[in-house]
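For reference, the structure discussed in these notes is given below.
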Amino acid sequence: MVSSDFLEILRCPVCVREPGKEGKLALYKDSWLVCNTCNRKYPIVEDIPVMLIDEGDKWTQIPTDALPVPPPKVG
Ligand SMILES: [Zn+2]
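Residue numbers (the working numbering): 1 to 75.
Spelled out as structure tokens, the structure:
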């Protein structure tokens, strides 16, 4: 379980670099973090959010409700 305090400070690593973009993340089924701004999706693998841009890119076109739960292992 990822704590809500931690989630509150986590931001999408792509959007956080761009002025004016918030990059807030929404938790989906305790398994994914979905960026509200760019729609990248970051898997949470064994309670660790994988905040890799390449990983987020992979899932941009997949609707949130079609994401695999639990997420596949990264790497
Ligand atoms: Zn983003």
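A virtual CB, placed ideally from N, CA and C, is assigned to each residue, including glycine.
Here the structure is a predicted model, which means the values were calculated and not measured.
Nearest-angstrom Cβ-Cβ length linking residue i and residue j, presumed shorter than 8 Å
{"i": "L67", "j": "W59", "result": "7 Å"}
{"i": "K41", "j": "I9", "result": "About 19 Å separates the two Cβ atoms, so there is no contact after all."}
{"i": "P71", "j": "S31", "result": "5 Å"}
Residue j beta carbon less than 9 Å from that of residue i
{"i": "V34", "j": "G23", "result": "no"}
{"i": "E55", "j": "V74", "result": "yes"}
{"i": "D47", "j": "V2", "result": "yes"}
{"i": "R11", "j": "L25", "result": "yes"}
Backbone CA spacing between residue i and residue j [nearest angstrom]
{"i": "I44", "j": "K21", "result": "23 Å"}
{"i": "T64", "j": "C38", "result": "13 Å"}
{"i": "L7", "j": "E18", "result": "20 Å"}
{"i": "N36", "j": "D5", "result": "18 Å"}
{"i": "K29", "j": "D57", "result": "19 Å"}
* With distances taken from each beta carbon to the nearest heavy atom of ligand 1, which residues come in below 6 Å, in chain order? -> C12, V14, C15, G23, C35, T37, C38 and R40
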